[in-house]
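Written below as structure tokens is the structure these notes are about.
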Amino acid sequence: MKKEIELNSYALKVRKWFNEDAYSPIDIFAHVNAWKEMKITIIYYPLSSRISGMCTKTEDYILIGINSETSLGRQRFSLAHELYHVLFEEGLKNVVCDMKLKGEKNDSEKEADMFASYLLMPYDALRQYQDGVREWTIEEIIRAEQFFQISHTAMLLRLCTENYISYGDYDKFSNIGITREAMKLGYEPDLYMKSPNNKKYFTTGEYIRIVEEIAQKELVSNGKRAELLLDAYRSDIVYGISDEGVDLNE
């Protein structure tokens, strides 16, 4: 199994590809969707409660599935996890990833989890953040996970790994109403919420670009374009109206 320092190095390499520094929080979905060179398509879908995500890779394209029934924080972590598989594992074709972050896992899954943690919150970034923390209370933990936009469970596990909190603290802080506690501190609950109904089924990235490109070149009819986009759950593009009734053409 790869060492933590190597996985952190991989994470910093990806951040460099994103033109990001080693300390700031990142919008991982925005970066991946804009990453034309890697030809990545992301599909949000309500998968089994046992699955966080999946990925498949061909010679030319990458497809990443994200469980839209998980929280936004977990979706961000899952995307980072899947990136490890498609970017750094040779011979990869198809991978289905387990929901649990603790317990028995093979080396590949452990490495992907650690890489995801370092990509969203690099080693030096957490060390720098730690300098301003006297004690890791639940309030400080929430502030940190809101800053780095990382899931509550992933934050707790990372703090345990770095020996900032004990596993007893992990159990204590795991068994609280995290959404309510975050709201009491003035944060919006989005990080802890599942995808809204209009994003339970959704596609972004390379697939959408390809459909629009071949349509602009008149390689497919308008009807076929609409069919392809609807297959990708993008009625908003086809009809120019969001699920809330907002005209997207204005």
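Just so we're aligned, residue 26 is where the sequence shown starts under our numbering, counting upward by one. From the three backbone atoms N, C-alpha and C, an ideal C-beta is built for every residue, glycine too.
Open item on the list: Pull the bridge partners of G90 from the DSSP assignment, please.
Closed with: The partner list for G90 (beta bridge, DSSP) reads I68, M79.
Task: Enclosing alpha helix (DSSP H) for G1 [first to last residue] - done: The displayed coordinates of the chain run from 26 to 275. Any statement about residue 1 would go beyond what the structure contains.
- [ ] For Y258, I'd like the list of residues in its chain whose CB is within less than 7 Å of its CB, leaving aside the five on either flank, ordered along the chain.
- [x] Only Y226, F227, T228 meet the Cβ criterion.
Open item on the list: Taking only three categories from DSSP, how would you classify T204?
Closed with: In the structure shown, T204 adopts helical secondary structure according to DSSP, grouped into three states.
Task: Chain-order list of residues whose beta-carbon lies under 6 Å from that of C80 (same chain, five-residue window excluded) - done: Contacts found: I89, E107, H110, V111, V120.
Task: Neighbour-count burial assignment, E170, 16 or more Cβ in a 10 Å radius - done: Classification of E170: buried, given that the 10 Å Cβ count is 16 or more.
Task: Nearest residue (CA-CA) to R234, options Y48, A207, M63, V39 - done: Out of Y48, A207, M63, V39, M63 has the C-alpha closest to the C-alpha of R234.
- [ ] With a 10 Å radius around its C-beta and 16 neighbouring C-beta atoms as the bar for buried, classify L244 as buried or exposed.
- [x] L244 comes out exposed.
- [ ] Counting only the same chain and skipping the five closest in sequence on each side, list residues whose C-beta sits under 6 Å from that of A251.
- [x] Cβ neighbours of A251 beyond the five flanking positions: V263.
TODO: Can you grab the Cα-Cα spacing for the pair M180 / E238, in whole Å?
DONE: Answer to the nearest angstrom: the Cα atoms are 40 Å apart.
TODO: Identify, in the order they occur along the chain, each residue of the same chain with its Cβ nearer than 8 Å to the Cβ of D123, setting aside the five sequence neighbours on each side.
DONE: Closer than 8 Å at the Cβ level, and outside the excluded window around D123, lie R75, I76, S77, K130, E134.
Task: Segment limits, alpha helix (DSSP H) that includes T186 - done: Per DSSP, T186 belongs to the alpha helix (DSSP H) from 177-186.
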